[in-house]
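Novice: Going by this note's numbering, the letters in the sequence shown line up with residues 245 to 833, in that order.
We put the CB at the ideal spot given by N, CA and C, even for glycine.
All figures in this text were calculated on a predicted structure; none of them were measured in a lab.
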Amino acid sequence: MQKNERQWWHDAVVYQIYPRSFRDSNGDGIGDIPGIMQQLPYLKELGVDVIWLCPVYRSPNDDNGYDISDYRDIMTEFGTLDDFDALLAAAHDQGLRIMMDLVVNHTSDEHEWFLHSRESRDNPYRDYYIWKDPAGYAEDDTPLPPNNWGSEFGGSAWEWDAHTGQFYLHMFSRKQPDLNWENPAVREEIFEMIRWWQDRGVDGWRVDAIGTADKPEGFPDDPYQEPGRVTSSMRFVNNRPKVHTWLHMMNREAWSRGGSAGEASISNTGIVTVGELAGPTPEDGVLYTAPEREELSQIIHFEHVSLGNDPRFDKWSLQRPGLVELKRVLDSWQRGLHGKGWNALYWDNHDQPRAVSRFGDDRPEFREASAKALATALYLQQGTPYIYQGQELGMTNVEFPSIEDYRDLDSVNWYRTVVEERGELSAEEALARVHARGRDNARTPMQWNAQPQAGFSGEVPQVQPWIAVNPRYPEINAAAQQDDPASVLNYYRRLLRLRKGTLREVVREGSYEPLAADDPRVYAYQRVWGGKRLVVAVNFTSREAACPPEVHAALGEDEALLSNYEEAATTSALRPWEARVVLREAREV
């Protein structure tokens, strides 16, 4: 691919589906592939182009599908391979592409490769994973881990296997052993699997946790660990040089080859890939996504969603991100990748709390305005928008009364550690942090209507979903918003139509210039291309905010092309969570 060459995904919008929580078609309380098929018209009307499916592969579900036991089969709860093929065909018929989750940093410990690997030290599959001898033995003969690395989900990243007398590495759950990417046989297994799915018609890949694949040579101790505590070693392990080498190999050996599904596939226009990478800088982002490097199409980073993290408890924080810092981060990624790489634009996903609760204001009087404001601020920047299921409705966080109500392994493990093992927080204090930042905030069932269980199981409302529904579903649901022109859902539709229509060129190609970067209340910027100047101004507070002079000058007196208030503004001040979008001739400013 040549530098700056236009690709179909430059104008596309991606919609992320967490299948377990999207739509239950058979009344078992678990979302499934036929349920997704039922809602394709809804997604088409929203204005999306790509459906990203969180893992649907066979899995024991220790980490809700991110622990894969068979890369070439479908989880029974979700359906069959025939169901998946039917979804592909139906989506393609409507001009929608399917992006799968590619989880290849690790497998499940129930994958046949790992079952063989742990049979003996000389098994041919032994080197598919990372096995190490103990560093020594404690006084009671307990084997000591090879180093001090910590798992992302708590505790040591090493698990002892008594049968073979070695530890295996798991940067996530102990049931998610890390693959050994240094082994050429492992790489070829993965490339062949990717080609197999592309031949079925898959159009793209979201590459999970790939920045963790290259481990430091010699497996030295993590210098960031604190004495007496074991914390995640991700920042020590992530974004090492061979990740680039292996991504380039994946591109060459699999992604660039497309598929062989013929007329049934639309992937002959190019496979899209987006990499999930923790801790990269914008400079790293260019290395990952510059077209001439032939690695990834786009990058998902965490810098903006990590703002306000706690020095002691990391993401388990009650602190609200400051707007000036948020602008600094997003501005740096816009300017850093412009003309060089490509951003994935997101607020919500399956690992994050609901954006309207974290960055907006989910109180009833401000929820709708802030949900619209957040979408406006982000989705008119350069990059590919990613919308997570329910975000287009303004779905909010949920506060379950007990840790027993949570299903997320990460949340439950952290709670047990800080409350029961270390005694660092009271049960109430820890639960408040889970309420604020836990992943189950994003994983409650999609809210389709005001019927029992939010219509998640269709005509079987008495079925209890796998996780409880957010109790706010009677007021926040798709049916209630469908025909309401002032709803969050219809605002998203208008915004996406503008992005693909009137604003297409300036959004895709335009320069990015921050306005009033130090203002703590107003987020504003302008984009310039082809004689057009797009000005975006958003009040990020629940009070009226004075419009900074340079923002007021940029907006001018023109009528807003898009606003989240029905009544036209009568003053230059921005109302609570007001978003104004103006398109002007560049020479007017």
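Could you tell me if proline 471 is buried or exposed, where buried requires 16 or more neighbouring beta carbons within 10 angstroms of its beta carbon?
Specialist: The residue in question, proline 471, is exposed, as its Cβ has fewer than 16 Cβ neighbours within 10 Å.
Novice: Looking at threonine 517: is its Cβ nearer than 8 Å to the Cβ of glycine 448?
Specialist: Result yes, Cβ atoms of threonine 517 and glycine 448 sit closer than 8 Å.
Novice: Between aspartate 366 and proline 421, is the Cβ-Cβ spacing less than 8 Å?
Specialist: Their beta carbons are not under 8 Å apart, which means aspartate 366 does not touch proline 421 by this criterion.
Novice: Taking the C-alpha atoms as reference points, what is the distance between aspartate 307 and arginine 741?
Specialist: If you take the alpha carbons of aspartate 307 and arginine 741, they lie about 36 Å apart.
Novice: Glutamate 507 by DSSP, collapsed to three states: which one?
Specialist: Caution applies to glutamate 507, whose pLDDT of 41 falls short of 50 and renders its modelled position unreliable; the value that the coordinates give is listed next. In this structure, glutamate 507 counts as helix in the three-state DSSP scheme.
Novice: Taking three-plus beta-carbon pairs below 8 Å as touching, is the stretch 759-766 in contact with the stretch 719-729?
Specialist: These segments do not touch.
Novice: Do alanine 334 and phenylalanine 435 come within 8 Å of each other at the CB atom, strictly closer than that value?
Specialist: No; because the gap between Cβ atoms is not below 8 Å, this pair is not in contact.
Novice: Are the CB atoms of valine 766 and phenylalanine 784 within a distance shorter than 8 Å?
Specialist: Closer than 8 Å, so yes.
Novice: I believe arginine 265 touches proline 689 by the beta-carbon criterion, under 8 Å. Please report the beta-carbon distance rounded to the nearest angstrom.
Specialist: What sits at residue 265 in the sequence shown is serine, not arginine. Contact flag correct, Cβ pair sits at about 5 Å.
Novice: May I have the straight-line CA-CA distance separating serine 561 from alanine 676, to the nearest angstrom?
Specialist: For serine 561 and alanine 676, the distance between alpha carbons rounds to 9 Å.
Novice: Note down, in chain order, each residue of its chain lying with its Cβ closer than 6 Å to the Cβ of glycine 529, except the 5 sequence neighbours on either side.
Specialist: Excluding residues within five positions, the ones whose Cβ falls inside 6 Å are Ile543, Leu581, Gly585.
Novice: Using the rule of at least 16 other Cβ atoms within 10 Å of the residue's Cβ for burial, across every protein chain shown, is glycine 566 buried or exposed?
Specialist: So glycine 566 counts as exposed.
Novice: Out of Pro428, Gly604, Pro387, state which residue places its alpha-carbon closest to the alpha-carbon of threonine 408.
Specialist: It is Pro387 whose Cα lies nearest to the Cα of threonine 408.
Novice: On the three-state DSSP scale, how would you describe serine 417?
Specialist: Residue state, collapsed to three classes: coil.
Novice: Where proline 555 and aspartate 443 are concerned, what is the direct C-alpha to C-alpha distance, given to the nearest angstrom?
Specialist: Near 46 Å, if we compare the C-alpha coordinates of aspartate 443 and proline 555.
Novice: Beta-carbon within less than 7 Å of aspartate 649's beta-carbon, same chain only, minus the 5 sequence neighbours each way: which residues are those?
Specialist: These residues qualify, in order along the chain: Ala712.
Novice: Whose C-beta lies closer than 7 Å to the C-beta of tryptophan 440 among residues of the same chain, with five residues either side of it excluded?
Specialist: Same-chain partners within the cutoff: Arg316.
Novice: Let's test the definition: count the other Cβ atoms within 10 Å of the Cβ of glycine 699 and tell me whether it reaches 16, buried, or not, exposed.
Specialist: Classification for glycine 699: buried.
Novice: What would DSSP say about serine 395, mapped onto helix, strand or coil?
Specialist: If DSSP states are grouped into helix, strand and coil, serine 395 belongs with coil.
Novice: Is it buried or exposed, arginine 496, if we count other Cβ atoms within 10 angstroms and call 16 or more buried?
Specialist: Its Cβ having fewer than 16 others within 10 Å, arginine 496 is exposed.
Novice: By a C-beta neighbour count over all protein chains shown, 10 Å radius and 16 as the cutoff for buried, is leucine 325 buried or exposed?
Specialist: Exposed, because fewer than 16 other Cβ atoms sit within 10 Å of the Cβ of leucine 325.
Novice: Grouping DSSP H, G and I as helix and E and B as strand, with all else coil, what is alanine 724?
Specialist: Three-state DSSP puts alanine 724 in a helix.
Novice: Counting only runs of 3+ residues fully inside the stretch 515-603, write out the beta strand (DSSP E) ranges in chain order.
Specialist: Here the runs fully enclosed are 516-520, 542-544.
Novice: Helix, strand or coil for lysine 459? Go by DSSP, reduced to three states.
Specialist: Residue state, collapsed to three classes: coil.
Novice: May I ask you to report which of helix, strand or coil DSSP gives glutamate 363?
Specialist: In this structure, glutamate 363 counts as coil in the three-state DSSP scheme.
Novice: Distance, Cα to Cα, isoleucine 631 vs serine 786?
Specialist: Cα-Cα distance, rounded: 24 Å.
Novice: Taking the C-alpha atoms as reference points, what is the distance between arginine 828 and arginine 748?
Specialist: Looking at the two C-alpha atoms, the distance is approximately 14 Å.
Novice: Do the stretch 427-434 and the stretch 363-378 make contact, defined as three or more Cβ pairs closer than 8 Å?
Specialist: Yes: the two stretches touch, three or more of their Cβ pairs being nearer than 8 Å.
Novice: Taking only the alpha-carbon atoms, compute the straight-line gap between phenylalanine 397 and lysine 559 and give it to the nearest angstrom.
Specialist: Whole-angstrom Cα-Cα distance: 12 Å.
Novice: Applying the criterion that 16 or more other CB atoms from any shown protein chain within 10 Å of the CB defines a buried residue, is alanine 722 buried or exposed?
Specialist: Buried, by the Cβ-count rule.
Novice: So, at 6 Å on beta carbons, what are the nonlocal neighbours of lysine 486 in its own chain, with the 5 sequence-adjacent residues on each side left out?
Specialist: If we look at lysine 486 and ignore the five residues flanking it on each side, its Cβ neighbours are Asp458.
Novice: Taking glycine 271 as the reference, which of Leu624, Gln708, Ala804 has the closest Cα?
Specialist: Nearest C-alpha to glycine 271: Gln708.
Novice: For tryptophan 252 and glutamate 673, what's the separation of their Cα atoms in angstroms?
Specialist: Cα to Cα, tryptophan 252 sits roughly 47 Å from glutamate 673.
Novice: CB proline 526 to CB tryptophan 591, shorter than 8 Å?
Specialist: Result no, Cβ atoms of proline 526 and tryptophan 591 do not sit closer than 8 Å.
Novice: Could you give the DSSP three-state label for leucine 624: helix, strand or coil?
Specialist: In this structure, leucine 624 counts as coil in the three-state DSSP scheme.
Novice: Just the C-alpha distance for lysine 376 and proline 390, rounded to the nearest angstrom, thanks.
Specialist: One C-alpha to the other measures close to 7 Å.
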